[in-house]
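Right, one structure below, let's go through it.
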Amino acid sequence: MNDNQQRLVQYLSVVIHFTRYTPEKCTLSESHYLHALCTLISHPKLTEDHTINNGNKLLIFILLQQLLTEKIFLTNTLTYEHDFKQQLPMCLIIVDHEDQELILYNRLFLFIYYNILKQFCQYSWLYSKELAPHKNMSWALKNVLPYVHLYPDACEQLSTICKIISRANRDNLTVDDQQSIIEFKKELYSLIYRFNDIRSSWSIILDLTRDMCDLQASHDERFQILTRRGLPVLTTIFLTIFTSYHDQTQTQISTIQNDLIYLLCLIANLLDTADIHIKKPQTNSTINMRNIVGTQWKEKMELVAKLLLLLNSYNSSEIRQRAFDLLKKVIVQLTIQDLTQVASHIKTTHEQAASQSHPQLGPYFPRRKQPVNNSQQQGTIDHIGTQSVHTPFRPHFGMYFKTQLLETSKGRDLDFDRAVHAYYSPYHTFIDSLARYAYNQNSLSGSILNLVTLVACEGVQSMHLCLFAKLCLEISNQSKTSAQTLIHDLLQTSSSYYFHHFIEIVLIDERISLYQIDNYSFLYTYLPMILSMKKSSAPTTPTSSAIAAPPTAAANITADSIQMFIQRLEQLLNKTCEHCLQSIFNESQTNLDWLQSYKKLLKSINYSNTQIIGDVKALEIYLHCQLTNDKSKIQTIIEQSIRFIEQHLQLPLLIDDELQQQQQQQQESESTTIVDDEANPVKRRRLDDSNLAMDITNNDPKRKTIVDTLQILQTFLTNMNNITDESTTIEQ
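Quick note: the sequence shown uses the numbering used here, first residue -15, plus one each step.
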């Protein structure tokens, strides 16, 4: 730096010092001072030399930035100095991302320079519109914005300028202005989605994308992102945030969560737009969109794997639901090969998580509310999710189901049952969607059936979900051939284990689930079809015919596996009959004896009623399968159970003296005299007032439930006796 440059540096430093306050700034905003200052700033010898030795250039822009904080100076500059404001974007800038000294110089200079341009854009939309297509603006977006790690403050100012230009919510925008915004956003999308190092510049990309394309954006806006490599880039950003999400501290987790939710929603919206274009008639746009979500989107399989690891009780219900929504939209864009691979991966992940001896239950797992003041009433669910944001545990899959995870069985706390259903049902719905998509593509392979039957076993256990049964019924309603094909696929693959386990759970452990019409209809429809395969699938003996080809080894193995499954199924049905009869006998003899106390729990009576309904439906399925013609044992047990219940209902009622006192107090309250008798102890006694006993008997909900149970057993017995024996019994 020579002496003249040194003197100018000193001079500018003095000017900066004496223009810190408003009066001095206003003085310089007067026309003659302003014009002289702008002429000085735009002098080529001062602005074109962009080196670390040119301290004058840096000080000039520091001075200009300081003066622009005064509104009158900013207004006068934009109003009167047209040449200056046109030359300002043309200022020479040199960047070298490997020259450390130049990086340090630009780190300060570029921040000041783009901050000045930002202030002009904030004040004047006309200036913003003129700056948008400027070649130096495009240069900055290509050569400065991607290097946010080198110039963080300058990139922030550039990002703000882009937001100002791209916001289309101003009033009275002309068609030309709207078109300028559209063209700028197209160019900006093209630039930011082609950054070399996405993992270091993801924050700028996400920030600009969020500003230009909110979750209510049109399909046209999303289409611009899709056609400019937006889907792979945003997926990469999601994978980066996913890692950061599990490494953040409590103070940072809220911001990362918002970014995560936004990306989950945005990628789902992009897939909606892609699906609309794919379903259009065959055009170049349709073919191009299939390539975008197909071959070009290579990150989708990794995305699915990460989404599965968000499905646990350490993440809020919103994050889990957004992940499920995105998973449903990703699977319909997969090829059959990829879909099969995803199903195998989910099954492996599910089984590995379920095999853990110490389950990982986070703060969002359903829990019963703890009793207050030693009260016996449990109440509703403890809504932990409404408290402060929780730091997530390490990523893991948490949608497997075990009865040991629940604090109580189904039916004892309805609020808890609803919370458990709300936690698990989205996962089961997703698996159902996957199976339906595979079936519609004629690709319901063994891997997919394996997964579906595994999840069905957990769904029907305690939660009594019927998605698998409903899917099978819809297949059978289409055609009998489709149902037979489904059965054949279920029995010849490894899914036969889970399929048999599903039937066993319904008939042995969870007969109450048969009150769901779909579960009942599924077994009523499919079990006879399976048993009818006993003869048709038996291995044929070799014949002397030279034309008949010997059965292959694979065919014999398949036939043997089907025969073994049918044999196990017959044993299971016979076992079911024994369990049902024993259950009906026990329930009718003990739990349905309402006369032991008037205060007998209504829940216990209702549970027994529901259990007997399930037992009766299971017996109906057993009889429908026609495994035996001897119904005498069933008839005997049912008749004994009916007699037990009828005898209980005919006996006089025993109630507590407390209830009688309540009835008397209610009657005495209607008169003018109230007599308090506290000397009489509370004791049990037989009712002498026949009218009171009749009123209690007729209005008691427990007695009504028992009568309903009696009618169910009587109806079943009548129907069983009316069924004529036909010659359709399956050979043993």
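Note that beta-carbon positions come from the ideal geometry of N, C-alpha and C, so glycine has one too.
- Classified as exposed, Thr6 has fewer than 16 neighbouring CB atoms from the shown chains inside 10 Å of its CB.
- A contact is defined here as three or more CB-CB pairs under 8 angstroms, and the region 290 to 304 meets this definition with respect to the region 240 to 251.
- Per DSSP, Lys147 is one residue of the alpha helix (DSSP H) stretching across 136 to 150.
- Arg213 sits in coil when the DSSP states are folded into three classes, being neither helix nor strand.
- Taking one beta carbon from each stretch, the region 544 to 559 and the region 586 to 594 have fewer than 3 pairs nearer than 8 angstroms; the two do not touch.
- Burial of Ile188 is indicated by the presence of at least 16 other C-beta atoms within 10 angstroms of its C-beta.
- Nearest Cα to Leu190 within the set Asn180, Gly214, Ile145: Gly214.
- Nearest Cα to Ser228 within the set Thr219, Gln241, Val217: Gln241.
- DSSP places Arg402 in the helix class (H, G or I) of the three-state scheme.
- Taking a 10 Å sphere around the C-beta of Lys386, we find fewer than 16 other C-beta atoms and assign the residue as exposed.
- In the structure shown, Arg178 adopts coil according to DSSP, grouped into three states.
- Note on Arg304: 16 or more other CB atoms within 10 angstroms of its CB, so buried under the neighbour-count rule.
- Contact check for Met513 and Ile550: beta-carbon distance about 11 angstroms, past the 8 angstroms limit, so the pair fails to qualify.
- The alpha-carbon separation between Ala327 and Ala419 amounts to approximately 9 angstroms.
- Per the coordinates, the alpha-carbon of Ala422 lies some 9 angstroms from the alpha-carbon of Val316.
- Under the criterion of beta carbons closer than 8 angstroms, Thr437 and Phe483 qualify as touching, at roughly 5 angstroms.
- For the options Leu192, Tyr97, Val600, Lys331, the alpha carbon positioned closest to that of Ile621 is the one of Val600.
- The Cβ atoms of Leu565 and Ile629 lie no closer than 7 angstroms to each other.
- Annotation: the continuous alpha helix (DSSP H) that includes Gly443 extends over 430 to 444.
- Taking all protein chains in view, the Cβ of Trp281 is crowded by 16 or more other Cβ atoms within 10 Å, so the residue is classified as buried.
- Contact check for Tyr107 and Leu58: beta-carbon distance about 6 angstroms, within the 8 angstroms limit, so the pair qualifies.
- Rounded to whole angstroms, the separation of the alpha carbons of Phe45 and Glu65 is 16 angstroms.
- Scanning Arg183, Thr319, His380, Leu24 for the CA closest to the CA of Ser427 turns up Thr319.
- Beyond the five residues adjoining it in sequence on each side, Ile148 comes within less than 8 angstroms, by CB distance, of Lys102, Cys105, Gln106, Ser112 in the same chain, given in chain order.
- A check of alpha carbon separations from Pro216 across Ser238, Leu255, His230 identifies Leu255 as the nearest.
- Looking only at Trp109, Pro265, Lys284, His261, the smallest Cα-Cα distance to Met273 is reached by His261.
- Here DSSP, grouped into helix, strand and coil, assigns Arg351 to coil.
- The alpha carbon of Phe569 has as its nearest neighbour, out of Leu697, Pro347, Asn99, Val314, the alpha carbon of Leu697.
- Put simply, the backbone Cα of Leu435 is about 8 angstroms away from that of Ser479.
- Rounded to the nearest whole angstrom, the C-alpha separation of Ala467 and Glu458 is 9 angstroms.
- In this structure, Ser460 sits near Thr509, with a CB-CB distance shorter than 7 angstroms.
- Within the same chain, Cβ atoms closer than 8 angstroms to the Cβ of Leu701 are found at Gln619, Ile622, Glu623, Ile626, the five residues on either side in sequence being excluded.
- Excluding sequence positions up to five before and after Cys561, its CB lies within less than 6 angstroms of the CB of Tyr606, all in the same chain and listed in chain order.
- The beta carbons of Tyr173 and Arg212 sit closer together than 7 angstroms.
- Ala20 counts as exposed, since fewer than 16 other beta carbons sit within 10 angstroms of its beta carbon.
- Within the model, the alpha-carbon separation for Ala252 versus Ile209 is close to 13 angstroms.
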